[in-house]
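Novice: As given, the protein sequences belong to chains A and B, one line each in that order.
So the first sequence is numbered by our numbering: it starts at 1 and just counts up by one.
So the second sequence is numbered by our numbering: it starts at 1001 and just counts up by one.
Got a structure for you, questions after.
Number of protein chains: 2
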Amino acid sequence: MLKNSEFVSKLRNSGLRPTKQRLKICEVLFNRDKTFHFTINDLAKNIAENFNEKISLATIYNTVHAFKDKGYLKEITISSDKSYFDTNITKHHHFYDEDTNLLIDCNDNEIGKVNIKNNITGKKISSVEVLVRVASDTQNQD
Amino acid sequence: MLKNSEFVSKLRNSGLRPTKQRLKICEVLFNRDKTFHFTINDLAKNIAENFNEKISLATIYNTVHAFKDKGYLKEITISSDKSYFDTNITKHHHFYDEDTNLLIDCNDNEIGKVNIKNNITGKKISSVEVLVRVASDTQNQD
DNA sequence: AATTTATATTATAATCATTCTAAACTGTTG
DNA sequence: CAACAGTTTAGAATGATTATAATATAAATT
Ligand SMILES: [Mn+2]
Ligand SMILES: [Mn+2]
Ligand SMILES: [Zn+2]
Ligand SMILES: [Zn+2]
């Protein structure tokens, strides 16, 4: 639950001008109690439906990528035809519900620490991510 | 290291007609000692360079997807702009080298079993996949 | 082995998410 | 305010993937 002036500083501090488009997108993404997952399409629809002033799709793409580059968003890749962004930038894992196409954050009480015994020589680990795909219990759902 | 007649049976058994295009693709993908990772583009290039008869790109797409649907290939999604296929269809995890864009299989001596303590209620786990991104040790590589 | 039927291949066009372009606009700085 | 760099925008371009529909091939049937 951050407020406008905080977004202004946040953007300034990372070398991004606090334009009204970026502030609007900050509001949509970060002015919440809980983090969430979204696609570019979700975000564009959200903005189109909830605000009068429209933001061009190019700007939405630019902004989301800028925020990702600055570390304010993480990108979660599930399949070749769907890319999610995550406002939860802490290290965490995901369940992916194949029935609903929803991503769900894992807590530490759901997935234990991944034990990496040997890494590739000369390389540094930049992230470790677990994706648990889940689907309906029953075989023939109709 | 399977041979032609084995591919014919394999295809017939899964309801796919053993056409010469599919057999050629089987040969490229499965007539090897070791499993490997490839993109559609890699495969198309490989076929174009190593064989006289060309296979249309549409057929390459169709065949790779058919093989995936039949469980002869797995798809590994690394980023929104790159999709790999894997001829290793056993459960396993991956290292992804961000410097070279290469995928490397993990053995059990590299990543311990992932401990899933709580699953989503009413759902069955269909897969558990770990992706470890690695990159060069040094900060300023040139 | 010829005929029929179902399937597969192909060149090409269509789609669609994403990126590019370059002109207009805005935030910042002095 | 003037000057400049950075940003937004509509629309065009791109490029990977999928659709189309005509042709070819494999399998099944006579
Ligand atoms: Mn695919
Ligand atoms: Mn992206
Ligand atoms: Zn998340
Ligand atoms: Zn693999």
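Beta carbons are placed, not taken as given, at the ideal position from N, Cα and C, and that holds for glycine.
Note that the structure is predicted; figures quoted are calculated from it, not measured.
Hey, does ASP137/A have any beta-carbon neighbour from chain B nearer than 8 Å?
Specialist: Yes - at least one Cβ of chain B is within 8 Å of the one on ASP137/A.
Novice: Taking a Cβ distance cut-off of 9 Å, strictly less, list which residues of the region 62-80 of chain A are near chain B, in chain order.
Specialist: Within the region 62-80 of chain A, the qualifying residues are GLU75, THR77, ILE78, SER79 and SER80.
Novice: Indicate, with yes or no, if ligand 4 has a heavy atom lying under 7 Å from the CB of ASP33/A.
Specialist: For ligand 4, not one heavy atom lies less than 7 Å from the Cβ of ASP33/A.
Novice: What residues in its chain sit with their C-beta under 8 Å from that of ARG1012/B, if we drop five residues either side in the sequence?
Specialist: Result list for ARG1012/B: PRO1018, in chain order.
Novice: Is any non-hydrogen atom of ligand 4 found closer than 7 Å to the C-beta of HIS1092/B, if you look at the structure I gave you?
Specialist: Yes.
Novice: Quick check: does the Cβ of ASN41/A come within less than 7 Å of any heavy atom belonging to ligand 3?
Specialist: No - ligand 3 has no heavy atom lying nearer than 7 Å to the Cβ of ASN41/A.
Novice: I need the straight-line Cα distance from PHE1051/B to HIS1037/B, nearest angstrom please.
Specialist: Each residue's alpha carbon lies about 20 Å from the other.
Novice: At a threshold of 7 Å, does ASN88/A count as lining ligand 3 (C-beta to nearest heavy atom)?
Specialist: For ligand 3, at least one heavy atom lies less than 7 Å from the Cβ of ASN88/A.
Novice: Residues bridged to ALA1135/B by DSSP?
Specialist: DSSP output for ALA1135/B lists LYS124/A as bridge partner(s).
Novice: What does the Cβ neighbour count give for ASP137/A, buried or exposed, with the cut at 16 atoms within 10 Å?
Specialist: Under this definition ASP137/A is an exposed residue.
Novice: Thinking C-alpha only, which one of LEU43/A, LYS3/A, LEU57/A and LYS34/A is nearest ASN88/A?
Specialist: Ranking LEU43/A, LYS3/A, LEU57/A and LYS34/A by Cα distance to ASN88/A puts LYS34/A first.
Novice: Cβ-heavy atom distance between ASP99/A and ligand 3 below 7 Å?
Specialist: Not so, every heavy atom of ligand 3 lies at least 7 Å from the Cβ.
Novice: Go ahead and pull the three-state DSSP assignment for LYS24/A.
Specialist: Correct three-state label for LYS24/A: helix.
Novice: Any idea what DSSP makes of PHE95/A, helix, strand or coil?
Specialist: The answer is strand: DSSP assigns PHE95/A an E or B state.
Novice: Specify the secondary structure class of PHE63/A as computed by DSSP and reduced to three states.
Specialist: Contrary to the premise, residue 63/A reads as Thr rather than Phe in this sequence. Here THR63/A sits in helix by DSSP.
Novice: Less than 8 Å between the CB atoms is what I'm expecting for VAL1114/B and VAL128/A, so what's the real figure, rounded?
Specialist: The Cβ separation is near 10 Å, so there is no contact.
Novice: Taking the alpha carbon of HIS94/A as the reference point, which residue from GLY112/A, SER56/A and ASP42/A has its own alpha carbon closest?
Specialist: Nearest C-alpha to HIS94/A: GLY112/A.
Novice: What residues match up with GLU1110/B in a beta bridge as DSSP calls it?
Specialist: None; GLU1110/B has no bridge partner.
Novice: In the DSSP assignment, find the unbroken alpha helix (DSSP H) run with ASP1086/B in it and report its ends.
Specialist: Counting along the chain, ASP1086/B falls outside any alpha helix (DSSP H), though it belongs to the beta strand (DSSP E) covering 1082-1086.
Novice: Should LYS1010/B go down as buried or exposed, given a rule of 16 or more other Cβ atoms within 10 Å for buried?
Specialist: Per the 10 Å Cβ criterion, buried.
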